[in-house]
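Enquirer:
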């Protein structure tokens, strides 16, 4: 079935550094891909998504491009802030028996130091 | 608009006690999901409902766990009897429909359960 693999953390960066969190997927066809973010003590929030190959999702300075050639959906941000410290989850849709569910990666913890 | 509402936010109980977690999905959403999050296993899908009907409960760990959705605006996850290894954060999420998750799921704030 469809699955995602994301880089293990934790990742520690200084403020204004460039961020990349890798995510690769295994899928039949081209399912929608997502990045979710979980701030300390909160539930997951949708950060960005891409619904078809070659799409770029973007939000809050974060970007990810759906690349079918490399089966990847890496998350990037040019200049991180302390407030970006959180856990980031890559996810995709798995379709089974006419219904769908999200399949999440294990999460990557990001800490940004001032 | 109110988001997904979960209660209680924190629960501390003793081993063997019954625990009931509650969730109110976003109004108009037809699909509801229960997840468990731990450091060891990450985020696990326990069960999900579509139009109040359980669709996939393959993630429910064992018979001690049960979930119900008596109407479109309310769901419960019950653990009876509880054990220390059930300690985790339990999240409820909803989405407009299971065929259409491209819009994403909306998560509640979670219930942090500690079983002593």
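Residue numbers (the numbering used here), protein chains in the order written: chain A, 55 to 168; chain B, 1057 to 1172. For glycine and all other residues, C-beta sits at the position ideal for the given N, C-alpha and C. Since we're looking at a predicted model, the values are computed, not measured.
Could you name the residues of the same chain whose beta carbon sits closer than 6 Å to that of residue 1137(B), not counting the 5 residues immediately before and after it, in chain order?
Expert: Correct list, in chain order: 1072.
Enquirer: Starting from residue 96(A), find everything on chain C with Cβ-Cβ shorter than 7 Å and list it in chain order.
Expert: In the displayed structure, chain C is absent; the protein chains listed are A and B.
Enquirer: Suppose the cutoff is 8 Å on Cβ atoms and the five residues either side in sequence are ignored; what does the same chain contact list for residue 108(A) look like?
Expert: Hits under 8 Å: 119, 120, 121 and 122.
Enquirer: List, in order along the chain, the chain A residues whose C-beta lies closer than 9 Å to that of residue 1147(B)?
Expert: Ordered by position in chain A, the residues that pass the 9 Å Cβ test against residue 1147(B) are 97 and 98.
Enquirer: Using a Cβ-Cβ distance under 7 Å, would residue 1082(B) count as near chain A?
Expert: For residue 1082(B), the answer is no, since every Cβ of chain A falls outside 7 Å of its Cβ.
Enquirer: What ranges does the beta strand (DSSP E) occupy inside the region 1090-1151 of chain B, keeping only unbroken runs of at least 3 residues that lie completely in it?
Expert: Fully enclosed beta strand (DSSP E) runs of 3 or longer: 1098-1106, 1109-1112, 1121-1127, 1130-1135 and 1144-1151.
Enquirer: Are the region 1102-1121 of chain B and the region 1158-1168 of chain B touching, with three or more C-beta to C-beta distances below 8 Å?
Expert: With the cut-off at 8 Å, the region 1102-1121 of chain B and the region 1158-1168 of chain B do not touch.
Enquirer: In this structure, how does DSSP classify residue 133(A) when only helix, strand and coil are distinguished?
Expert: Looking at residue 133(A) - three-state DSSP - the assignment turns out to be coil, as it is neither helix nor strand.
Enquirer: Check this for me: beta carbons of residue 140(A) and residue 91(A), under 7 Å apart or not?
Expert: In this structure, residue 91(A) lies closer than 7 Å to residue 140(A) by Cβ.
Enquirer: Listing by chain order, which chain B residues have their CB less than 9 Å from the CB of residue 127(A)?
Expert: Simply none; closest approach about 14 Å.
Enquirer: Are the CB atoms of residue 1124(B) and residue 1076(B) nearer to each other than 7 Å?
Expert: Not closer than 7 Å, so no.
Enquirer: How about residue 125(A) and residue 82(A): are their beta carbons less than 7 Å apart?
Expert: No, Cβ-Cβ distance for residue 125(A) and residue 82(A) is not below 7 Å.
Enquirer: Note the first and the last residue of the continuous beta strand (DSSP E) segment covering residue 111(A).
Expert: Start and end: 110-113.
Enquirer: Does any residue of chain B bring its CB to less than 7 Å from the CB of residue 160(A)?
Expert: It does; some Cβ of chain B falls within 7 Å.
Enquirer: Taking the alpha carbon of residue 1106(B) as the reference point, which residue from 1122(B), 1087(B) and 1121(B) has its own alpha carbon closest?
Expert: Of the candidates 1122(B), 1087(B) and 1121(B), the one whose C-alpha sits nearest the C-alpha of residue 1106(B) is 1087(B).
Enquirer: Return the chain-ordered list of same chain residues with a C-beta closer than 6 Å to the C-beta of residue 154(A), the five sequence neighbours on each side being excluded.
Expert: Excluding residues within five positions, the ones whose Cβ falls inside 6 Å are 147.
Enquirer: How far does the beta strand (DSSP E) with residue 121(A) in it reach, from first residue to last?
Expert: It is not in any beta strand (DSSP E) - residue 121(A) carries neither H nor E in the DSSP assignment.
Enquirer: Hey, out of 102(A), 87(A) and 68(A), whose CA is closest to residue 164(A)'s CA?
Expert: Selected option, being the one with the closest Cα: 68(A).
Enquirer: Looking at residue 74(A): is its Cβ nearer than 7 Å to the Cβ of residue 130(A)?
Expert: Yes, Cβ-Cβ distance for residue 74(A) and residue 130(A) is below 7 Å.
Enquirer: Just curious, the beta strand (DSSP E) that residue 128(A) is in, first and last residue?
Expert: First-last for residue 128(A): undefined, no H or E at that position.
Enquirer: How many angstroms separate the CA atom of residue 70(A) from the CA atom of residue 89(A)?
Expert: Each residue's alpha carbon lies about 21 Å from the other.
Enquirer: Quick one: give me the first and last residue of the beta strand (DSSP E) that residue 1168(B) is part of.
Expert: Unbroken beta strand (DSSP E) run through residue 1168(B): 1167-1171.
Enquirer: Considering Cα atoms alone, identify which of 1126(B), 1070(B), 1127(B) and 1102(B) is closest to residue 1119(B).
Expert: Checked all of 1126(B), 1070(B), 1127(B) and 1102(B); the closest Cα to residue 1119(B) is 1102(B).
Enquirer: Rounded to whole angstroms, what's the CA-CA distance from residue 142(A) to residue 1094(B)? Just pull it up for me.
Expert: Straight-line Cα distance between these residues: approximately 15 Å.
Enquirer: Label residue 106(A) either buried or exposed according to how many other C-beta atoms from any shown protein chain fall within 10 Å of its C-beta, with 16 as the threshold for buried.
Expert: Burial call: exposed.
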